[in-house]
Each structure stands twice: as C-alpha cells, then as structure tokens.
Amino acid sequence: MTNFAQRLIHWYHLNKRSLPWRDTNDPYCIWLSEIILQQTRVDQGFAYYERFVSAWPGVAHLAAASEDEVLKMWQGLGYYSRARNLHKAAKQVLHDHAGSFPDTINGLLGLQGVGEYTAAAIASMAFGTKVAVVDGNVFRVLARLYGIGEPINTAQGKKVFTELATSLLPTSDAGTYNQALMEFGALHCTPRKPQCETCIFASSCHARRDNTVSDLPVKLSKKTIRKRYFNYLVLLHGHGNSASLYLNKRSEGDIWTGLYEFALIETAAPVASESLMESDRWKELTANSEGRLIHQSHQYKHPLTHQLIHARFYVVNLQNLLDLSGQNTLSLIKHSALEKYPLPRLIDRFLDDTNGLSDYYQT
DNA sequence: AAAACGGGGCC
DNA sequence: GGCCCAGTTTT
C-alpha cells in the first residue's frame, strides 16, 4: 500500500462520519446513496436516503413503484432527472440484470444516471474493483497536495487527476481509499477554510508550501449569461410609413455593443405592459401620442457578450413629431432601415440588424 | 466542449 | 451575487 493511501485511510478511521451506506457491500444502498449525493451535500441528502431505504428496501421494491411516487419522495432535492433516472435504472436492474446490480464498470455505466464517478464508486465500494473515483473532493485534495494548476473542468484536467488518483490507489480495498479521500476533502481539505494547521499532509502539501491553497483547484469560469430586459419605444409618425426609435444612452462602463443595443428603458425583469406604461418616463414620452399601443417580444443571445437579451417593442402612433432628442440622455434614432421598412417588417429588420452588427461590436 | 439541470449553504 | 456541493445527460 502506498504511503499516501495508508496515512489517508488511517485518518479516515479516526475521523469518518458514521453513515448508513458505509460499511455495507450492498450495491443497492451504495448506488442509492451515490445518486442522492450527486452535487448534494451529505447534510441535505441524508434524510432522503433514509426515507428511500425505508420505503423501498431493495431495488425490486423501487422498480415496482410508480415514477410519481419516486418523484414525490425526491421532492425538494433538486436535479429531478436524477429521480427519473433512479427509477429507470431500478427497472433496468430488474429486467436486464435479473435483479442483481452489474458488477463491472461498463455494466454499471449502462444504468441510467450512472456516469464515470458513480460507476467507479459502486464498483470499488460494493465489488472491490480497483478503480479510483474522481469527484469534487478528489479534484480539490489532489490539486492542493500536488500543486496542480490544471483546470478541473476540461477533458485534459479530468485525465490528469484520474491518472493521479489511480496511481495512488492501494493494492487492496480501493473502496475504503476512495471514501477516505472524499471524506478528507469533505471534512478537512474543504473548499473554504481548510484546516491546514492540523493537516496530516501539511509537511508535504505543495499548495501549503506555495501559499496557493485558496487558488486550487483551478476551475475555468464558465461564461455567465446575463439576462437583460430591453423595452423599446417605436414611434410611428407621418402617415404610417416612417418610424423612429427613442433610446437612452448606456451608462458608463456598460458593455457597448452597437447602436441597437440601446434600450429606451431597461428593467431588471420582464415587466407587464401596464406597469411600464405607468412609469414617469413612459408618460413623458407618450404624452402627445395616440393610437393603440402594441408590443412584440423577441429573445436572442448576443453573439459576443453572451447576454440573453429579451427585447420588447412598444409601438405607438405619434401625432406631432416631438423633438425629444435634446432631453436628458435621450436620443432619437432614425435609421434608414426604420424609414424604409414599415411595420411589421420594421421589427424583424431591427432584429436582423442587431444580430448582424458585428462591425459595431466592442468589448 | 458547452449547456442544462435545483436546492441549499456560505462568504 | 458568486461559488460549491459524492455529476449526468443532452445539445
């Protein structure tokens, strides 16, 4: 046994939490716990596990339940596809595997909701297969101990950490090693405020030596999609074939993405027509207009900023063309396209232009 | 490779 | 408001 695994398992026996799905070889219990604990803390999933086992002590019981019953039991846990997959997998075990869980990685991977991690977990903990699990805890602990800056959410990163975890595997009792490594990450080498002072690996931890504990593991930040709600006012004037848009300038620091990205009014959430029309700004602008107000909504993803733009157009007839362009930060935009295309082509044209205005884009 | 899928805890 | 949690599936 490697020195690392030996010391880790020693720590585990001293510090592990007593959990009902531990110290059992029953693949049903282990599988159930693993599905429940996907992206879920033990504190949150514990009660659900107990209720599931109580209601359905074995895979055959679970398979015999209805999907609605399973979903009901899952209520409040989140990621509800897990519940549907759980139920489907139970039926797979019953019908495709004669009621016994498959005991190979590939067999387990064939079950709905069982991916790389869960297959390795069940294989090692229920069947003693020598295979390493790689979950969020493993990424974190190994990244810190070995000072690995490889991003964990890339194919290359997963490969690096899987190979390292595999190389540290003891010759026997991989299941205990896997649980020990995860428990160490969950209790000691935590995401925030890890207990480095009392760590059994303090003297050899690269991150501690390099003062990079809080920087590891590295995770490529995913593009967060900001949703924005732009409300445009389209003013028709003359005798119906020309139109103008009144727009506000963007505030300083806002991403400037082109002429059409200026909304008349931006709101934090979708607003009902009524409440928008009751705003002071709205009344001010539409004071001399008449005609029925109509609106049309569109949604598009900005190609460069990845913002999700919800655009809503309000159209009113304007009796007398107001010169509002000098007021406050308001601008009157008269684009050739707007004069050229009467409604409803106007709005379609507007959106075509919006998505094709790459020449204007800056960041 | 990236996005979608949830609810809860923590800073 | 962002990040994280015993990830998997779909696009």
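Quick note, the first sequence lines up with residues 34 to 396 if you use our numbering.
Glycine included, C-beta positions come from ideal geometry on N, C-alpha and C.
From a predicted model like this one, the values you see are computed outputs, not experimental measurements.
Secondary structure in the stretch 172 to 198: no beta strand (DSSP E) run of 3 residues or longer lies completely within the stretch. The beta-carbon distance between Tyr179 and Val166, rounded to whole angstroms, is 17 Å. This is too long to meet the 8 Å contact definition. Residue nearest to Leu175 within the set Thr199, Arg74 and Ser133 is Thr199 (criterion: CA-CA distance). In the DSSP assignment, Trp107 falls within the unbroken alpha helix (DSSP H) covering Glu100 to Trp107.
In this structure, Asn170 sits near Met215, with a CB-CB distance shorter than 8 Å. The alpha-carbon of Arg177 is positioned some 36 Å away from that of Phe85. In terms of CA proximity to Lys252, Pro184 leads the group Pro203, Ser205, Pro184 and Pro227.
For Cys62, the enclosing alpha helix (DSSP H) stretches over residues Pro60 to Ile69. Take the alpha-carbon of Ala188 and the one of Gly182: they are about 14 Å apart. When C-beta atoms of the stretch 243 to 252 are compared with those of the stretch 62 to 77, fewer than three pairs fall below 8 Å, so the two segments do not count as touching.
Under the DSSP assignment, Tyr81 falls in the alpha helix (DSSP H) whose first and last residues are Val75 to Ala88.
Annotation for Tyr210: the continuous alpha helix (DSSP H) segment containing it runs Ala207 to Leu220. Comparing alpha carbon positions, the residue from Tyr210, Leu202, Ser312 and Cys232 closest to Arg55 is Tyr210.
Ala152 is classed as buried because its beta carbon has at least 16 other beta carbons within 10 Å across all chains shown. Annotated three-state conformation of Thr204 is coil, per DSSP. Judged by DSSP in its simplified three-state form, Ile233 adopts coil rather than helix or strand. For the set Gly91, Ile68, Lys191 and Gly161, the Cα lying nearest the Cα of Arg173 is the one of Lys191.
Taking a 10 Å sphere around the C-beta of Tyr81, we find 16 or more other C-beta atoms and assign the residue as buried.
By the neighbour-count criterion, in which 16 or more other beta carbons inside 10 Å mark a residue as buried, Gly208 falls on the buried side.
With 16 or more neighbouring CB atoms inside 10 Å of its own CB, His120 falls in the buried class.
In this structure, Leu141 lies away from Ala93, with their beta-carbon atoms at least 8 Å apart.
Straight-line spacing of the CA atoms in Gln125 and Asn139 works out to 14 Å. Cβ neighbours of Asn58 within its own chain (closer than 7 Å, five residues either side excluded): Ala159. Here Ala154 has Glu67 and Val166 as same chain residues with Cβ atoms under 6 Å from its own Cβ, once five neighbours each way along the sequence are excluded. Between Ala116 and Trp107 a beta carbon distance of about 4 Å is seen, short of the 8 Å cut, so the two are scored as contacting. By the C-beta density criterion, Thr195 is buried, having at least 16 other C-beta atoms within 10 angstroms. In the DSSP assignment, Arg115 falls within the alpha helix (DSSP H) that extends over Ser114 to Asp129. With respect to the 8 Å criterion, Val147 and Ala122 are classified as neighbours on the basis of their beta carbons. Here DSSP, grouped into helix, strand and coil, assigns Asn48 to helix.
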